[in-house]
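In this note's numbering, the protein residues as written are 224 to 453.
Cβ coordinates follow ideal geometry from the N, Cα and C atoms, glycine included.
Computed from a predicted model, the values in this text were never measured in an experiment.
The structure appears right after this line, and notes come after that.
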């Protein structure tokens with residue numbers, strides 16, 4: 224098994240894991256690539272091994288809002304575990320990297336033959352539902368600063384590095400706020416010595432401090448994953 228394996232795949236018994244990997248193909252995650260679009264049939268599922276993907280909801284003519292994030296800990300296309308072929312959210316590559324890709328039909332076949340895979344995906348669906356619910360409440364009740372700190376922590380967790388690229392425009396898009404709000408919030412985090420931002424690149428300088436600045440939704444996300452996926 225690769226040193227950097229998708230964690231859902233890594234939890235499977237050896238035979239189930241090997242069978243699933245053999246059914247997958249390597250796939251490059253390109254920055255800003257849309258893997259699937261809301262309301263369209265799901266053709267593939269993706270198990271990231273590096274990089275991460277934003278799950279974005281759209282309404283009317285608005286550009287969209289991030290409600291979830293998927294990295295090495297999860298998968299894109301989890302609704303296939305329920306036998307649902309329609310895509311509920313746009314999947315947008317936020318951090319480039321690699322993934323294992325599998326056709327929707329092939330994944331359904333693997334789920335039907337592997338009870339451990341079905342259990343793992345069911346548990347991950349719970350984690351994803353908890354993340355979506357937390358994101359909705361976070362948007363309504365929390366200020367931009369703590370929300371930005373949460374978003375940066377989630378991104379760092381999935382980027383597996385202290386430094387990653389992101390623009391203020393993209394942050395405003397993901398958080399559903401005006402760019403000036405993101406600029407002020409990021410400036411406050413930088414003035415506090417928690418991050419450094421320069422020319423579209425964020426460096427996390429003080430991880431414990433950033434966790435303290437984040438809203439409680441970040442800790443709730445972490446607990447939901449630890450409780451269900453251990």
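Thinking just about the alpha-carbon of each residue, which of the options is nearest to the one in residue i?
i	options	result
residue 200	305, 415, 319 and 312	Nothing in the structure corresponds to residue 200, since the chain is present only between 224 and 453.
residue 321	254, 309, 420 and 361	254
residue 187	375, 418 and 414	Lying outside 224 to 453, the shown extent of the chain, residue 187 is not represented and no answer is given.
residue 295	428, 390 and 234	234
residue 316	406, 393, 427 and 242	393
residue 319	363, 336 and 256	256
residue 390	239, 380, 365 and 419	419
residue 437	240, 241 and 372	372
residue 227	381, 412, 301 and 388	381
residue 323	368, 232, 417 and 422	232
residue 388	413, 421 and 362	421
residue 252	285, 314, 243 and 284	314
Just checking my contact of residue i with residue j at CB under 8 Å: how many whole Å lie between their CB atoms?
i	j	result
residue 275	residue 247	Between residue 247 and residue 275 the Cβ distance is about 18 Å, and since that is not below 8 Å, they are no contact.
residue 298	residue 277	Contact doesn't hold; Cβ gap of about 14 Å is too wide.
residue 337	residue 239	5 Å
residue 272	residue 229	5 Å
residue 197	residue 312	Residue 197 lies beyond the range of the chain shown here (224 to 453); nothing can be said about it.
residue 354	residue 444	6 Å
residue 447	residue 350	5 Å
residue 348	residue 301	5 Å
Closer than 8 Å by C-beta to residue i: which residues in its own chain qualify, once you throw out the five before and the five after it? Chain order, please.
i	result
residue 334	303, 304, 340, 341 and 344
residue 386	424, 425, 426 and 427
residue 395	401, 402, 404 and 405
residue 416	428, 429 and 432
Leaving out five residues before and five after residue i in sequence, what residues of the same chain have Cβ atoms less than 6 Å from its Cβ?
i	result
residue 224	Below a pLDDT of 50, predicted positions are generally treated as unreliable, and residue 224, at 41, falls in that range; the measurement from the model is reported next regardless. Excluding positions up to five away in sequence, the list is empty.
residue 236	339
residue 397	289
residue 365	438
residue 442	none
residue 287	279 and 281
Which residues in the same chain as residue i place their Cβ atom closer than 7 Å to its Cβ, once the five residues preceding and following it in sequence are excluded?
i	result
residue 358	290 and 291
Quick one: give me the first and last residue of the alpha helix (DSSP H) that residue i is part of.
i	result
residue 449	439 to 452
residue 418	First-last for residue 418: 418 to 421, but that is the beta strand (DSSP E), not the alpha helix (DSSP H).
residue 358	338 to 364
In terms of residues, what are the limits of the beta strand (DSSP E) holding residue i?
i	result
residue 377	Counting along the chain, residue 377 falls outside any beta strand (DSSP E), though it belongs to the alpha helix (DSSP H) covering 367 to 382.
residue 259	257 to 259
residue 317	313 to 318
residue 249	248 to 252
- For the segment 328 to 346 and the segment 257 to 264, state whether three or more C-beta atom pairs, one from each stretch, are separated by less than 8 Å. Short answer: they don't touch.
- Can we say the segment 392 to 412 touches the segment 444 to 451, given the rule of at least three CB pairs closer than 8 Å? No, because fewer than three Cβ pairs between the segment 392 to 412 and the segment 444 to 451 fall closer than 8 Å, the two stretches do not touch.
- Message: Below 8 Å, how does it come out for the segment 393 to 404 and the segment 432 to 446: are there three or more Cβ pairs, yes or no?
- Response: No contact exists between the segment 393 to 404 and the segment 432 to 446.
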